[in-house]
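First up is the structure itself, then whatever we jot down about it.
Number of protein chains: 2
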Amino acid sequence: MAIDQLDGRILVLLAQEPRIGVLEMSRRLGVARGTVQARLDRLQSNGVIQGFGPQVDPAALGYPVTAFATLQIRQGQGPDVRAHLATVPEVLELHTTTGTGDMQCRLVARSNADLQRVIDRVVGFDGIVRASTAIVMENPVPLRIIPLVEQAAADSERT
Amino acid sequence: MAIDQLDGRILVLLAQEPRIGVLEMSRRLGVARGTVQARLDRLQSNGVIQGFGPQVDPAALGYPVTAFATLQIRQGQGPDVRAHLATVPEVLELHTTTGTGDMQCRLVARSNADLQRVIDRVVGFDGIVRASTAIVMENPVPLRIIPLVEQAAADSERT
DNA sequence: CGTACAACTGAGCATATTGCCCAGCCGAAA
DNA sequence: TTTCGGCTGGGCAATATGCTCAGTTGTACG
């Protein structure tokens, strides 16, 4: 599902001014409204655009502390651990990774002290053998996608 | 900036049906349109809602492989390394964390083989002493915020 | 107990956008 | 040469938006 330049420009525009609307978009891109609409529909059914959910800042919600935890799981306990972690609101994300049957998760907390509570809740579960935590100090590159979109658009064009 | 129940319901609604519009929202929530509009404005200027950017799936863009890299930086090279990583499109996110002056970043690649190229590009920089990579196999809990929003809304109400 | 203030309601209005339709045009593939 | 998918540019009714305003709550505070 490669994307072309126009798709790329649509995505970039949408990222810069999300509330822009199809009509204004078509004006800025210099194409017909129907075209933009068709592209958007395609991007969404393609799964390239998963949605337009609001991006909520945990810090503004009172959870300014972010941490990454690496978990070591007891053999066969994977599914249980996943289910457990899914019930903890402060677990924002969970991945299983290569390595020693490991998992990696992103946590938030109200304070460093509160982080202890969260970690206790996370690791206070039978299948978890060991956990190591790294607290995030800075976030020089916040989650971004535009450079990759531009890369993908350029690549597809180079054909 | 605590949020109340109504804010919470707005955020949840918005997360479930992002394209919903203020009017329809006010109908579903049973409040006046102006109220929803005021709340939304407040949530945005609060910074609770950072935006409504499109959520783009790297996999659909041709980058199905995700990995986390932990980097060890040479003293004083932090800023240079950050600037370097910011230029790599495949670096989706970068954090500095506690530990041995470490950084943690999220990478994507077109394939496992391509991941090698990305890693080479990432670590092929002078200030980086050591790097270890974990490839993501599964993502049992994709990045989510709703449970935390509900938690925060409930907390604020319990006053 | 009374007052002042902030928030919500319900309504109206002009303007802009949406979703949907169509006919015509063009370039690429068969 | 024919066919077909994608783009254009236009029109239409229905709907949403941004804005304003007066009246009503609810609550904190003197």
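Going down the list, the sequences are from chains Y and B.
Read in order, the letters of the first sequence are residues -1 to 157 in our numbering.
Read in order, the letters of the second sequence are residues -1 to 157 in our numbering.
Virtual Cβ for every residue (Gly too), placed ideally from N, Cα, C.
As the structure is a computational prediction, the values presented were derived from the model and not from experiment.
Here Ala151 (chain B) has Ile1, Gln3, Gly6 as same chain residues with Cβ atoms under 6 Å from its own Cβ, once five neighbours each way along the sequence are excluded. The Cβ atoms of Val79 (chain Y) and Gly122 (chain Y) do not sit closer than 9 Å to each other. Contacts with chain Y (Cβ-Cβ distance below 7 Å) from the region 44 to 61 of chain B involve Asn44, Gly45, Val46, Ile47, Gln48, Gly49, Phe50, Gly51, Pro52, Gln53, Val54, Asp55, Pro56, Ala58, Leu59, Gly60, Tyr61, listed in chain order.
Using a C-beta cut-off of 8 Å, the region 51 to 69 of chain B makes contact with the region 136 to 152 of chain Y, since at least three inter-stretch Cβ pairs fall below that distance. Per DSSP, Ser43 (chain Y) is one residue of the alpha helix (DSSP H) stretching across 31 to 44.
Taken atom to atom, the span from the alpha-carbon of Arg40 (chain B) to that of Ala58 (chain Y) is near 12 Å.
In the DSSP assignment, Thr68 (chain B) is bridged to B:Gln102, B:Ser130. Under the DSSP assignment, Ile1 (chain B) falls outside any alpha helix (DSSP H); it carries neither an H nor an E label. For the C-beta of Asn137 (chain B), the chain Y residues within less than 9 Å are, from N- to C-terminus, Glu91, Leu92, His93, Thr94.
Closer than 9 Å to the CB of Gly125 (chain B) there is not a single CB belonging to chain Y. For the pair Val120 (chain Y) and Gln70 (chain Y), the CB atoms are not nearer than the 9 Å cut-off. For Gln102 (chain Y), the chain B residues whose Cβ falls inside 7 Å of its Cβ are Phe66, Ala132, in order along the chain. In this structure, Ala36 (chain Y) sits away from Gln102 (chain B), with a CB-CB distance that is not shorter than 9 Å. Per DSSP, the unbroken alpha helix (DSSP H) holding Gln149 (chain Y) starts and ends at 144 to 155. In this structure, B:Met135 is the residue among B:Glu155, B:Val139, B:Met135, B:Gln149 with its C-alpha nearest to the C-alpha of Val63 (chain B).
A Cβ-Cβ distance of about 29 Å is found for the pair Gly76 (chain B) and Arg108 (chain B), leaving them out of contact under the 8 Å criterion.
Where Ile47 (chain B) is concerned, the enclosing beta strand (DSSP E) starts and stops at 47 to 49.
Glu88 (chain B) counts as buried, since at least 16 other C-beta atoms from the protein chains shown sit within 10 angstroms of its C-beta. If you draw a straight line from the Cα of Thr94 (chain B) to the Cα of Ser154 (chain Y), it comes to about 33 Å. For the 9 Å CB-CB criterion, Val10 (chain Y) and Met23 (chain Y) do not form a contact.
Under the criterion of beta carbons closer than 8 Å, Ile18 (chain B) and Leu38 (chain B) do not qualify as touching, at roughly 11 Å. Counting only the Cα atoms, Thr98 (chain B) lies some 52 Å from Val29 (chain B).
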